[in-house]
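Colleague: Structure below; questions to follow.
Residue numbers (this note's numbering), protein chains in the order written: chain A, 953 to 1542; chain B, 474 to 728.
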């Protein structure tokens, strides 16, 4: 219990309250500590008016609640106050007709540094100017106009206005000034004000200090003027007449302004003291449970439809269930299964994943998801999107490590990928070869051309016809092309033969298991042999390509080295190579 | 009238001890039921910052509707809890803080049968919902469709502001006047105070100041409470305070 509050109350009410308190709050340990303190307070209390026993009894009974420290208001939220958020009333003092002396006392008791006052300049001196206060601003409201309180604004607190040498010359008698209180001498009833913005606290820093117009006067002042001029105005009348009073959001705004909380409302009823409401008692959780069980019913009906083959009705039931309870796990799983059966695998996957998000331990969801992923992976593989397929298989495996189909499919896929990788490598190598070859063939060409030139010169001496040279050129070029091709073929056949010798054993093993992937290689070696002989003849016949052949052989040996190096890799690769070469060969043979 | 509510209704204690009559006790209990389900926390949660509960004014409307209904009708004819549910539903509409019947039914069922499973959404449930809606229409007719009330809340808040301006700011800050008055006002709806809203507000403020031992500064020609309301008198204030204290006394006897 808050000691000060209790003391305040007891000193107000006197010893009757104290004795009642002792009676009612005997068991309260807090009270016992304070009791000694309170007895002293009671002695020093002044006499009061009539005592109301019922009220005192009420206080005594509720003392532990009333004076609990947790009842302090929360700090009021400082919100932007637009006009008419609530009814701004003239000061209560005015209605109460409090005598001037009292008001003066109260004013000097309560005014503090940082408050904002409005006054009229009544005299300007060298050291500053004097203002007669009219009213308070910035949230305070007192009726002080007729008290003729003056305040001094010293020179140093008058901000300079740039051009003016003497800041005071900016001001004249009779100007309305808004200023911040800088210093208060309560005993002598003297006030010092300042026009510097630094004299205001941060919450009031938006107020403009200095000369203001009549329109800038606070609302409560203008209203109090109106009230003063009329004899029939009462607080209630003014309140009801003010537009702000009719604002529907007044209550909410003022609760914030006064620091009263609606989220944790206080009560003096014993029965309403903060209970711990279980989360299950909240409306949303009850509703969720209810929706879930209703949705489940729909799903059951849907599953019946599904089993009897009525897919459309089943889908309707599932969708209905999901409308009632979005992300209902059972409904999602059932719908996913339906999608998978119908073939919309992507939608099925989405549903299963959503279901697993809410309930990661759902067995069926996992199972179905794995199956669907694998199936989808198969589809995607056929479309040659191998990376996606791999991702899908891995996902399925991640979900369920024991899922054999996924494991197998993944392995198949990996081989497929490697095969295609090798294919690509071969392509790349071939391109490289072509590049090299083309480099060489161009060197070759050059030599040939040079020789031809010599021949032509000799020929020209015999018969200078451009057509023959051009035709020979063309024949030469075509033969070049042919020879190029044949050389390629020879190389590949060489490599093919070599490899077949080396890795025949491996070949057999791997072949059996990979039958469905790799078509059995055509028995192409023999066909190439014939061609090779033809080619050799051609070569010898047409052009002296000894140097070129050398180059060829060198290249071939280089290639062999390369290949032998690679051979140290897996047997599978060789088969890939073989097949790629054979396929390449078959391309050419076509 | 649904049996689930009827069965769960606690029978009023029929002991011979002197005190409030059974009806008053029932009403107190039902209002407590409204307060707990609506006013405090059960129907009230934050959902992404948007409140789905009721503030003090709609709560006041619900209780006022309930009290006024039973001023005309008898508890023997109409089931009080059903009327309370209808009152909650109606108040939500009047004060623009709509509550759904499904939520109202769920929470009320839970209140009356603590720890039970949510009701199945079967035909029984929908019958219950229908009975609430029909009861709502009945309540409207009994009240002659006058369901928008002037509550003391607005008056009280303005009075608090004016008083705050009058007092020393530090004295104000350390005495929980505002919170106390608000608590008193909310609790007052356990019973029915048939007084003008300004009077109720002034009386509550008066009681709060008395309990906390606060002296309002300024000895003017008129007292502060005379100023706040044109036609209030000290006896009127005293009457209201007495009624208020009696409502608190019922707390121990009725629950």
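Even for Gly, the Cβ is constructed at its ideal location relative to N, Cα and C. Because the structure is a prediction, the values reported are computed rather than measured.
In the stretch 566 to 580 of chain B, which residues sit with their C-beta less than 9 Å from some C-beta in chain A, listed in chain order?
Modeller: The stretch 566 to 580 of chain B vs chain A, Cβ under 9 Å: 569, 572, 573, 575, 576, 577, 579 and 580.
Colleague: Can you pull the chain B residues whose beta carbon is under 7 Å from the beta carbon of residue 1203/A, in chain order?
Modeller: Ordered by position in chain B, the residues that pass the 7 Å Cβ test against residue 1203/A are 530, 626, 627 and 630.
Colleague: Check whether the Cβ atoms of residue 1210/A and residue 1028/A lie closer than 8 Å to each other.
Modeller: Yes, they are a contact pair.
Colleague: With a threshold of 16 other CB atoms inside 10 Å of the CB of residue 1193/A, please say whether the residue is buried or exposed.
Modeller: Residue 1193/A comes out exposed.
Colleague: Keeping to the same chain, check which residues put their C-beta closer than 6 Å to that of residue 1187/A; ignore five residues upstream and five downstream.
Modeller: 1047, listed in sequence order.
Colleague: By Cβ distance, which residues of its chain are closer than 8 Å to residue 1482/A, with the 5 residues on each side in sequence left out?
Modeller: With a pLDDT of only 49 at residue 1482/A, under the threshold of 50, the placement of this residue in the model should not be trusted; the figure read from the coordinates follows. Counting only Cβ-Cβ distances below 8 Å, and skipping sequence neighbours, we find nothing.
Colleague: So which of 569/B, 709/B and 626/B has the shortest CA-CA distance to residue 662/B?
Modeller: If we check each option's Cα against that of residue 662/B, 626/B comes out closest.
Colleague: Around the C-beta of residue 617/B, are 16 or more other C-beta atoms found within 10 angstroms, so that it is buried, or is it exposed?
Modeller: The residue in question, residue 617/B, is exposed, as its Cβ has fewer than 16 Cβ neighbours within 10 Å.
Colleague: Where do the N-terminal and C-terminal ends of the alpha helix (DSSP H) with residue 960/A fall, by residue?
Modeller: Taken as a continuous stretch (DSSP letters only), the alpha helix (DSSP H) holding residue 960/A covers 955 to 965.
Colleague: I want to see whether chain A comes within less than 8 Å of residue 634/B, judged by CB atoms only; does it?
Modeller: Yes, because at least one Cβ of chain A sits closer than 8 Å to the Cβ of residue 634/B.
Colleague: So the candidates are 1128/A, 1175/A and 1144/A; which of them puts its Cα closest to the Cα of residue 1166/A?
Modeller: Selected option, being the one with the closest Cα: 1128/A.
Colleague: For a contact meaning CB atoms closer than 7 Å, what does residue 596/B contact in chain A?
Modeller: What residue 596/B touches in chain A: nothing, since even the nearest Cβ is about 13 Å away.
Colleague: Based on the DSSP secondary-structure assignment, which residues constitute the bridge partners of residue 1103/A?
Modeller: In DSSP, residue 1103/A forms a bridge with 1083/A and 1143/A.
Colleague: When we look at the beta-carbon of residue 568/B and count the other beta-carbons within 10 Å, is it buried (16 or more) or exposed?
Modeller: With 16 or more other Cβ atoms within 10 Å, it is buried.
Colleague: Examine chain B for any beta-carbon lying closer than 8 Å to the beta-carbon of residue 964/A, and answer yes or no.
Modeller: Closer than 8 Å to some Cβ of chain B, the Cβ of residue 964/A qualifies, so yes.
Colleague: Chain B beta carbons: is any one of them nearer than 8 Å to that of residue 956/A?
Modeller: Interface residue, yes.
Colleague: 8 Å is my cut-off, CB to CB: does residue 953/A come that close to chain B?
Modeller: Not an interface residue.
Colleague: I'd like to check one pair, residue 721/B with residue 675/B: are the Cβ atoms closer than 8 Å?
Modeller: No, they are not a contact pair.
Colleague: Looking only at DSSP bridge pairs, what is residue 1075/A linked to?
Modeller: In DSSP, residue 1075/A forms a bridge with 1082/A.
Colleague: Can you tell me whether residue 1564/A is buried or exposed? The criterion is at least 16 other CB atoms within 10 Å of its CB, across all chains shown.
Modeller: The first residue shown for chain A is 953 and the last is 1542, placing residue 1564/A beyond what the model contains.
Colleague: Count the other CB atoms within 10 Å of the CB of residue 579/B; is the residue buried (16 or more) or exposed (fewer)?
Modeller: Residue 579/B should be labelled buried.
Colleague: For residue 1322/A versus residue 1348/A, is the C-beta spacing smaller than 8 Å?
Modeller: Yes; because the gap between Cβ atoms is below 8 Å, this pair is in contact.
Colleague: Starting from residue 1337/A, follow the beta strand (DSSP E) in both directions and report where the run begins and ends.
Modeller: Neither: residue 1337/A is in no beta strand (DSSP E) and is coded neither H nor E.
Colleague: Beta-carbon within less than 6 Å of residue 980/A's beta-carbon, same chain only, minus the 5 sequence neighbours each way: which residues are those?
Modeller: Cβ within range, chain order: 1016.
Colleague: Go through its chain and collect everything with a Cβ distance to residue 1170/A's Cβ below 7 Å, but skip five positions before and after it.
Modeller: Counting only Cβ-Cβ distances below 7 Å, and skipping sequence neighbours, we find 1087 and 1089.
Colleague: How many Å lie between residue 1422/A and residue 1413/A at the Cα?
Modeller: Note that residue 1422/A scores a pLDDT of 46, beneath 50, so its modelled location is shaky; the value from the coordinates is reported in the next line. Straight-line Cα distance between these residues: approximately 16 Å.
Colleague: Compare the C-beta of residue 1041/A with all C-beta atoms of chain B and state if any pair is closer than 8 Å.
Modeller: Residue 1041/A counts as touching chain B.
Colleague: Determine which residues share a DSSP beta bridge with residue 1137/A and list them.
Modeller: In the DSSP output, where bridge partners are listed per residue, residue 1137/A has 1142/A.
Colleague: Checking contacts by CB at 8 Å: is residue 507/B closer than that to chain A?
Modeller: It does not: the Cβ of residue 507/B has no partner Cβ on chain A nearer than 8 Å.
Colleague: Could you work out which residues of chain E lie near residue 1222/A, taking near to mean beta carbons separated by less than 8 Å?
Modeller: You won't find chain E in this structure, because its protein chains are A and B.
Colleague: Counting only Cβ pairs nearer than 9 Å, list the residues of chain B close to residue 1265/A.
Modeller: Here the premise fails: no neighbours, minimum Cβ distance about 21 Å.
Colleague: Is it true that the stretch 677 to 691 of chain B meets the stretch 651 to 659 of chain B, where meeting means three or more beta-carbon pairs spaced less than 8 Å apart?
Modeller: Yes, since at least three Cβ pairs between the stretch 677 to 691 of chain B and the stretch 651 to 659 of chain B fall closer than 8 Å, the two stretches touch.
Colleague: Do the stretch 551 to 562 of chain B and the stretch 598 to 615 of chain B touch if we need at least three Cβ pairs shorter than 8 Å?
Modeller: Short answer: they touch.
Colleague: Taking the C-alpha atoms as reference points, what is the distance between residue 1318/A and residue 1352/A?
Modeller: About 8 Å.
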